[in-house]
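Numbering (the working numbering), first residue to last: 35 to 368. C-beta atoms are modelled at their ideal positions from N, C-alpha and C, and glycine is treated no differently. Notes follow the structure.
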């Protein structure tokens with residue numbers, strides 16, 4: 035089967051958040067099952083427009099940037115559709131087109147209207163959830179419309195968890211039989227290596243015996259990094275040697291960097307920005323605890339990655355159906 039996968043990020047183009055490993059690993063797994071998989075994604079600096087990686091065809095599509103993010107995604111979708119039609123003419127018909135989140139909806143729409151392809155739409159999260167469980171107007175309203183339309187034109191909707199299925203059905207009234215829950219998974223292979231934890235701690239000038247609390251995720255309201263920052267003084271009052279590593283980027287980062295100075299805990303906090311996959315594994319292995327303080331969590335793949343290296347987790351009650359309090363993690367209220 036020939037499958038076209040559309041994602042605004044992947045590990046082999048531009049990586050931003052959890053969609054990147056999902057698209058990358060899913061595409062490779064489908065290829066191993068004997069499918070011909072083509073990923074249409076953005077192009078990063080210095081990257082080739084075409085490359086085959088792990089048997090998967092990567093088509094990195096250039097397009098014009100815009101200050102308006104929705105318009106930029108529209109440009110991306112037009113580029114995706116253009117390159118899809120070009121590739122289909124060269125290699126033969128695609129049986130399935132599969133888009134990930136609202137950013138790809140207009141590409142799915144253009145292709146489906148022109149070729150009537152079987153269409154799959156994966157919701158990794160909702161705009162409501164990304165906004166911290168608030169319905170905003172303006173661009174947020176436009177994004178919610180795209181999420182609804184993606185589900186409307188799709189033959190099948192995939193939700194990463196029961197939580198996101200219920201949320202999407204409540205907001206968009208999707209038919210129950212149209213939505214399938216397919217929980218995320220991870221590849222354990224990358225975690226099967228030994229590291230020197232002292233080297234990781236020395237990299238950030240941390241004492242060899244200092245415990246590390248690790249946050250991994252985008253610095254946005256949905257992921258709740260501010261909730262962890264506000265808790266830092268209380269933790270230091272109990273264990274003054276604790277260090278807090280924040281791995282990820284986003285619009286809240288500069289404000290949080292300022293906030294830790296206001297709280298007088300800047301010495302205990304490290305804001306690392308985007309961390310490449312290999313270095314992220316090192317952080318998981320070197321830390322003592324992974325904290326996931328999400329205000330809304332569609333799935334929480336960070337929890338699986340923490341478990342892959344046998345690290346304890348602390349999560350909120352906002353999702354995480356698979357975490358049982360005091361059994362395989364701790365659950366707290368935000």
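Give me the Cβ distance between residue 220 and residue 338, rounded to the nearest whole Å; I'm assuming they're in contact under 8 angstroms.
That pair is a contact at about 5 angstroms.
Apart from the five residues on each side of it in sequence, which residues of its chain come closer than 7 angstroms, Cβ to Cβ, to residue 188?
Cβ neighbours of residue 188 beyond the five flanking positions: 153, 154, 155.
To the nearest angstrom, how far is the alpha carbon of residue 93 from that of residue 78?
Rounded to whole angstroms, residue 93 to residue 78 spans 12 angstroms at the Cα level.
For the beta strand (DSSP E) that residue 90 lies in, which residues bound it at each end?
Segment 90 to 95, the beta strand (DSSP E) holding residue 90.
For residue 183, I'd like the list of residues in its chain whose CB is within less than 8 angstroms of its CB, leaving aside the five on either flank, ordered along the chain.
Once the five neighbours on either side are set aside, the close Cβ partners of residue 183 are 139, 143.
Taking the alpha carbon of residue 260 as the reference point, which residue from 348, 290, 237, 274 has its own alpha carbon closest?
For residue 260, the nearest C-alpha among the options comes from 290.
Give the secondary structure of residue 133 by DSSP, where H, G and I count as helix, E and B as strand, and everything else as coil.
If DSSP states are grouped into helix, strand and coil, residue 133 belongs with the strands.
Among 265, 342, 210, which one has its Cα closest to the Cα of residue 227?
Residue 342 is the option with its Cα nearest to residue 227.
Compute the distance between the beta-carbons of residue 297 and residue 280, then report whether it is under 8 angstroms.
No, the Cβ-Cβ distance between residue 297 and residue 280 is not below 8 angstroms.
If you check the beta carbons only, do residue 244 and residue 276 fall under 8 angstroms apart?
Yes, the Cβ-Cβ distance between residue 244 and residue 276 is below 8 angstroms.
Answer with buried or exposed for residue 350, where buried requires no fewer than 16 other C-beta atoms within 10 angstroms of its C-beta.
The residue is buried, with at least 16 neighbouring Cβ atoms inside 10 Å.
Quick one: complete alpha helix (DSSP H) runs, 4+ long, within the stretch 118 to 199?
Qualifying alpha helix (DSSP H) stretches, in chain order: 139 to 149, 161 to 164, 173 to 187.
Give the secondary structure of residue 70 by DSSP, where H, G and I count as helix, E and B as strand, and everything else as coil.
Three-state result, residue 70: strand.
Alpha carbon to alpha carbon, how far is residue 83 from residue 42?
Answer to the nearest angstrom: the Cα atoms are 14 angstroms apart.
Given a cut-off of 8 angstroms, decide if residue 258 and residue 332 are closer than it, judged by their beta-carbon atoms.
Taking 8 angstroms as the Cβ cut-off, residue 332 and residue 258 do not qualify as a contacting pair.
Could you work out which residue in 36, 135, 364, 176 is closest to residue 125 when comparing CA atoms only?
When only C-alpha atoms are compared, the closest one is 36.
What residue from 301, 285, 295 has the CA that sits closest to residue 308's CA?
For residue 308, the nearest C-alpha among the options comes from 285.
State the start and end residues of the unbroken alpha helix (DSSP H) segment that holds residue 318.
Unbroken alpha helix (DSSP H) run through residue 318: 311 to 320.
Got a sec, what are the start and stop residues for the alpha helix (DSSP H) residue 235 sits in?
Segment 231 to 237, the alpha helix (DSSP H) holding residue 235.
Please say whether residue 318 and residue 340 have beta carbons closer to each other than 8 angstroms?
Yes, the pair counts as a contact, with Cβ atoms nearer than the cut-off.
Can you grab the Cα-Cα spacing for the pair residue 231 / residue 316, in whole Å?
Each residue's Cα considered, the two are about 8 angstroms apart.
Are the Cβ atoms of residue 98 and residue 109 separated by less than 8 angstroms?
Their beta carbons are under 8 angstroms apart, which means residue 98 touches residue 109 by this criterion.
Could you tell me the distance, in whole angstroms, from the CA atom of residue 256 to the CA atom of residue 66?
Each residue's alpha carbon lies about 34 angstroms from the other.
State yes or no: is the C-beta of residue 322 within less than 8 angstroms of the C-beta of residue 229?
No, the Cβ-Cβ distance between residue 322 and residue 229 is not below 8 angstroms.
Once DSSP output is grouped into helix, strand and coil, what is the label at residue 276?
Residue 276: coil per DSSP, three-state reduction.
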